[in-house]
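Report on one structure; see the data block that follows.
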Amino acid sequence: DAGVTQSPTHLIKTRGQQVTLRCSPKSGHDTVSWYQQALGQGPQFIFQYYEEEERQRGNFPDRFSGHQFPNYSSELNVNALLLGDSALYLCASSSGTGSPTFGSGTRLTVV
Amino acid sequence: AQSVTQLGSHVSVSEGALVLLRCNYSSSVPPYLFWYVQYPNQGLQLLLKYTSAATLVKGINGFEAEFKKSETSFHLTKPSAHMSDAAEYFCAVSFTQGAQKLVFGQGTRLTINP
Chain A
16 DAGVTQSPTH
26 LIKTRGQQVT
36 LRCSPKSGHD
46 TVSWYQQALG
56 QGPQFIFQYY
66 EEEERQRGNF
76 PDRFSGHQFP
86 NYSSELNVNA
96 LLLGDSALYL
106 CASSSGTGSP
116 TFGSGTRLTV
126 V
Chain B
930 AQSVTQLGSH
940 VSVSEGALVL
950 LRCNYSSSVP
960 PYLFWYVQYP
970 NQGLQLLLKY
980 TSAATLVKGI
990 NGFEAEFKKS
1000 ETSFHLTKPS
1010 AHMSDAAEYF
1020 CAVSFTQGAQ
1030 KLVFGQGTRL
1040 TINP
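In the order they appear, the protein sequences are chains A and B.
Per this note's numbering, residue 16 is the first one in the first sequence, and the count goes up by one each step.
Per this note's numbering, residue 930 is the first one in the second sequence, and the count goes up by one each step.
Okay, here's the thing in structure tokens:
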């Protein structure tokens, strides 16, 4: 049973560019959350999607947007990249009252 | 607002020694509490979670944690450290059992000395 799958694993972008990260949830999960983990820090909640709607959002600017598809997979989009957006982006999926299951993340480097 | 404080960004113990990683939380309502482990270049793996069923929670790999409301703490322990326990450990809190939003601490890097 595949867990949470994220792609790509690594990505290098230039300041000002746009990036799209992808996440496939664990089988049976319908809720997807995204977190940003800067180097040496704990993960910070970006937003959560359920039934293709953004259900909850953390303290991130509008440059961060997302989408959830009918098959529950999700995308995280970041526009106008800044150097400070360099981080590990983690996707977590869950269902009902279950604990989130995390993917291995996408390492984004902005140069 | 919810917050989590992990005391000690780095903890070093000898193989076979007791592991104690400290976590204190701030919450105005009874929280749900979690411990996750992160190995290098990997995502987060759930070690254990507290959901008010029992104050002493047993997790995977021999870890356990005790919820102490009076001390607003949820410290993680393991009686005997193993080399494979070397990793980053994160304490997290949520208001809802569905863990709609996890608030994480800064993490504690555990090093095991042979």
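Glycine included, each C-beta is placed from N, C-alpha and C at the ideal position.
Check your understanding: Using the C-alpha atoms, what's the distance from T46/A back to S1023/B?
Key -> In the second sequence, counting from the first residue as 1, residue 1023/B sits at position 94. In the first sequence, counting from the first residue as 1, residue 46/A sits at position 31. Looking at the backbone, the Cα of S1023/B and that of T46/A are separated by about 16 Å.
Review point. Going by the CB atoms, is the gap between L977/B and Y50/A shorter than 9 Å?
Key: Working through the first sequence from its first residue, we reach residue 50/A at position 35. Working through the second sequence from its first residue, we reach residue 977/B at position 48. Not closer than 9 Å, so no.
Review point. In three-state DSSP terms, what is S119/A?
Key: Locating residue 119/A in the first sequence gives position 104, counting from the first residue. S119/A falls in the coil class under three-state DSSP.
Exercise for review: Using a Cβ cut-off of 8 Å, pull out every chain A residue sitting near K1030/B, in sequence order please.
Suggested key: Numbered from 1 along the second sequence, position 101 holds the residue referred to as residue 1030/B. Simply S48, F60, Q63, Q71, G73.
Exercise for review: Might you give, ordered along the chain, the residues of its own chain that have their beta carbon closer than 7 Å to the beta carbon of Q1035/B, omitting 5 neighbours on each side?
Suggested key: The residue you call residue 1035/B lines up with position 106 of the second sequence. Same-chain partners within the cutoff: Q935, S938.
Check your understanding: Alpha carbon to alpha carbon, how far is Q33/A from T1037/B?
Key -> Residue numbering aside, residue 33/A sits at position 18 when the first sequence is read from its first letter. Residue numbering aside, residue 1037/B sits at position 108 when the second sequence is read from its first letter. Distance between Q33/A and T1037/B, taken at the CA atoms: about 33 Å.
**Study point:** Complete runs of the beta strand (DSSP E) confined to the segment 36 to 74 of chain A [at least 3 residues]
**Key:** Taking only runs of at least 3 residues, the beta strand (DSSP E) segments lying wholly in the segment 36 to 74 of chain A are 46 to 52, 59 to 65, 68 to 72.
Check your understanding: Quick one: Cα of G988/B to Cα of P23/A, how far?
Key -> Against the second sequence, residue 988/B aligns to sequence position 59. Against the first sequence, residue 23/A aligns to sequence position 8. Using only the alpha carbons, I get a separation of about 31 Å.
Practice item. Indicate the three-state DSSP secondary structure (helix, strand or coil) for N990/B in the structure shown. Key: Locating residue 990/B in the second sequence gives position 61, where the first residue counts as 1. Helix.
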